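In this note's numbering, the protein residues as written are 217 to 519.
Structure, as structure tokens:
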């Protein structure tokens with residue numbers, strides 16, 4: 217075979233049509249070409265491939281052994297090209313192997329990701345997710361370079377290449393062991409600051425989730441007993457000690473069903489924050505990306 221640069225892709229679509237329909241006339245109808253044009257294309261293809269490719273057989277065309285050999289790979293290659301070219305305008309989740317790259321913490325992994333995978337499972341395609349830590353110091357740079365599809369965080373990135381939307385609003389609550397010796401119903405700010413805390417560390421551990429939420433600077437004087445990297449570690453530590461922790465309400469509800477803990481109101485008025493979803497603006501014209509964003513928005517409304 218000649219160098220790949222010498223092959224006209226249009227000739228391969230003619231090859232595919234003749235293989236599928238077995239005649240020049242039927243292939244011509246399929247391609248919207250004249251029968252003469254199809255015949256000329258086959259002549260060029262024979263020269264390119266150095267093979268007869270098809271020979272007349274009765275009223276149709278019979279493929280050569282070489283044509284039969286290469287047909288499956290050419291058909292797959294053309295299918296891949298069509299999918300790549302058409303993916304911007306149309307997305308069919310029942311016939312897609314798209315791998316979506318997300319960046320979320322274990323808040324999203326516990327609450328949002330299972331529901332998203334259930335959505336994927338309702339379709340016949342092979343949709344997959346690859347999650348990256350949203351605390352990665354390079355996560356915004358990766359989003360700016362369109363290496364990620366979606367980023368979830370309490371603060372949307374400030375970049376001209378990134379768009380974002382508010383996904384949901386969260387309420388902060390305090391959790392303690394079910395048999396905590398000092399805490400009962402309500403919790404004063406004085407009690408809150410005097411208790412030992414298990415906190416979720418962000419990045420290098422020098423900051424916590426609360427410190428990233430606007431208006432929460434006053435809790436910097438907390439007595440910290442332990443810093444952990446994942447929410448999933450917090451309820452076990454709280455259950456086993458007299459330490460307390462601050463969690464988003466949805467996470468606290470999730471863990472309360474599984475651990476011997478209690479939920480107390482946060483002792484600070486307006487203890488709420490928003491969770492944002494961000495993406496590279498170049499993805500706005502990507503039908504698959506639009507489908508994903510709408511699916512996530514719908515799920516967030518029902519969490």
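In this text, a Cβ means the ideal position worked out from N, Cα and C, and glycines have one as well.
Please read these numbers as outputs of a predicted model, since none were measured by experiment.
Can you give the Cα-Cα distance for residue i and residue j, rounded to whole angstroms?
i	j	result
residue 247	residue 503	26 angstroms
residue 269	residue 258	8 angstroms
residue 327	residue 515	10 angstroms
residue 223	residue 357	39 angstroms
residue 229	residue 506	30 angstroms
residue 387	residue 310	37 angstroms
residue 476	residue 461	14 angstroms
residue 325	residue 332	10 angstroms
residue 249	residue 284	23 angstroms
residue 337	residue 344	10 angstroms
residue 496	residue 251	46 angstroms
residue 519	residue 409	30 angstroms
residue 380	residue 493	5 angstroms
residue 484	residue 405	7 angstroms
residue 416	residue 444	5 angstroms
residue 403	residue 478	12 angstroms
residue 278	residue 293	22 angstroms
residue 471	residue 454	11 angstroms
Using a 10 Å radius around the Cβ and a threshold of 16 neighbouring Cβ atoms, would you call residue i buried or exposed?
i	result
residue 190	No statement about residue 190 is possible, as the shown extent of the chain runs from 217 to 519 and does not include it.
residue 225	exposed
residue 396	buried
residue 509	buried
residue 306	exposed
residue 288	exposed
residue 239	buried
residue 330	exposed
residue 451	buried
residue 271	exposed
Quick one: grab the DSSP three-state call for residue i.
i	result
residue 421	Residue confidence is low: residue 421 scores 49 on pLDDT, short of 50, so the model does not pin down where it sits. No coordinate-derived value is stated.
residue 274	coil
residue 519	coil
residue 342	coil
residue 162	What the structure shows of the chain is the stretch from 217 to 519, and residue 162 is not part of that stretch, so it cannot be assessed.
residue 330	helix
In chain order, what residues of the same chain lie with their CB nearer than 8 angstroms to the CB of residue i, ignoring the 5 residues before and after it?
i	result
residue 342	312 and 313
residue 490	370, 382, 383, 384, 385 and 386
residue 322	446, 447 and 448
residue 393	454, 455, 456, 457, 458, 476, 477 and 478
residue 512	328, 332, 366, 383 and 493
On the DSSP bridge list, what partners appear for residue i?
i	result
residue 462	390
residue 380	494
residue 318	347 and 366
Who are the near neighbours of residue i in its chain, counting only those whose CB is closer than 6 angstroms to its CB and skipping five residues on each side?
i	result
residue 319	348, 350, 355, 364 and 367
In chain order, what residues of the same chain lie with their CB nearer than 7 angstroms to the CB of residue i, ignoring the 5 residues before and after it?
i	result
residue 438	409 and 413
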